[in-house]
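Student: Counting the first sequence from 1 gives a position; our numbering is that position plus 16.
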Amino acid sequence: MTKIYKLYISLLKKYRGPQEFWKKWCKTKKTRQDRTAIALGAILTQRTNWRNVELALKNLKKARALSIRKVHQTDRKLLEKLIKPSGFYRQKAERLIGLCRFVVKNFKTLEKFFKQPLKICREQLLALPGVGPETADSILLYAGHKPIFVIDEYTRRFAKKHRLTEELSYNNLQQLFQQNLPKNVKIYRDFHALIVLDAKKSKSSI
DNA sequence: ACCCAGGTGGCCC
DNA sequence: GGGCCACATGGG
């Protein structure tokens with residue numbers, strides 16, 4: 017067992033099981049609305065608290081606009097208003113529309129988009145304006161159920177704290193985690209969520 | 001009244 | 001390849 021895998025096991029023990037923060041927006045399995053909420057949430061959460069993202073998602077749901085097709089059709093000004101709580105709302109409205117337009121025009125649904133191989137999906141997401149590696153990988157892992165490890169600020173701090181590597185670039189960290197863990201969607205998701213939880217706990221206990 | 005939060009892209013050198 | 005900046009809201 018690798019050092020990274022051991023760290024995962026110890027976090028699991030410390031918090032007595034996985035922390036599935038996204039479950040609130042994925043109550044039932046793999047429904048269209050769940051996938052959509054997570055995919056849109058990946059853009060909404062850029063440089064923003066998940067709490068504020070939930071306010072925006074709630075507004076979308078209430079307006080019956082929590083679907084790829086509806087966001088694609090929704091008036092831009094209205095969309096901006098609905099997602100306002102998540103901050104950077106003009107930019108994010110544009111990014112959401114860009115993602116939804118791409119899916120609707122080329123695939124009709126997210127399900128059909130995700131039928132493609134992981135590598136192809138990732139390239140296509142990265143080509144969209146406002147979708148960088150973290151956003152793309154979050155969409156792939158949490159909405160698409162694809163085995164790819166998400167690197168974010170918390171993961172980076174975690175790697176630093178445990179001296180896992182010197183090279184903290186996105187690609188290197190992603191390779192490191194993937195090569196030291198079983199290739200498994202659930203492990204990738206749970207580990208990432210535990211890293212975030214642990215960072216927040218230790219911060220509040222100082 | 002500050003300060004921060006699960007990024008990205010554009011600009012400059 | 002790295003450093004700096006804009007983007008904007010809600011909560012401590």
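Glycine is no exception: its CB is placed at the ideal position from the N, C-alpha and C atoms.
Can you tell me the Cα-Cα spacing of residue 194 and residue 34, whole angstroms?
Tutor: C-alpha separation (whole angstroms): 18 Å.
Student: Residue 58 and residue 159: beta carbons closer than 9 Å?
Tutor: Result yes, Cβ atoms of residue 58 and residue 159 sit closer than 9 Å.
Student: Let me make sure I understand the geometry here. Which of 199, 200, 171 has the alpha-carbon closest to that of residue 189?
Tutor: Nearest C-alpha to residue 189: 171.
Student: Within the chosen definition, does the segment 79–97 reach the segment 201–213 through at least 3 CB pairs nearer than 8 Å?
Tutor: Contact fails: fewer than three Cβ-Cβ distances are below 8 Å.
Student: Using the rule of at least 16 other Cβ atoms within 10 Å of the residue's Cβ for burial, across every protein chain shown, is residue 44 buried or exposed?
Tutor: Note on residue 44: pLDDT 45, under 50, position unreliable in the model; no value is reported.
Student: Apart from the five residues on each side of it in sequence, which residues of its chain come closer than 7 Å, Cβ to Cβ, to residue 152?
Tutor: Only 138, 141, 142 meet the Cβ criterion.
Student: Mind listing, in chain order, the continuous alpha helix (DSSP H) runs of no fewer than 4 residues lying wholly within the segment 122–148?
Tutor: Runs found: 126–130, 134–142.
Student: Quick one: grab the DSSP three-state call for residue 166.
Tutor: It is coil, neither helix nor strand.
Student: Please report the distance separating the alpha-carbon of residue 54 from that of residue 30.
Tutor: Those two C-alpha atoms are separated by around 27 Å.
Student: Would you call the segment 70–77 and the segment 95–115 in contact, with 3 or more CB pairs under 8 Å?
Tutor: Judged by Cβ distances under 8 Å, the segment 70–77 makes contact with the segment 95–115, as three or more pairs qualify.
Student: Please check the pair residue 144 and residue 115, which I expect to be a contact at CB under 8 Å, by giving their CB distance rounded to whole angstroms.
Tutor: Between residue 115 and residue 144 the Cβ distance is about 6 Å, and since that is below 8 Å, they are a contact.
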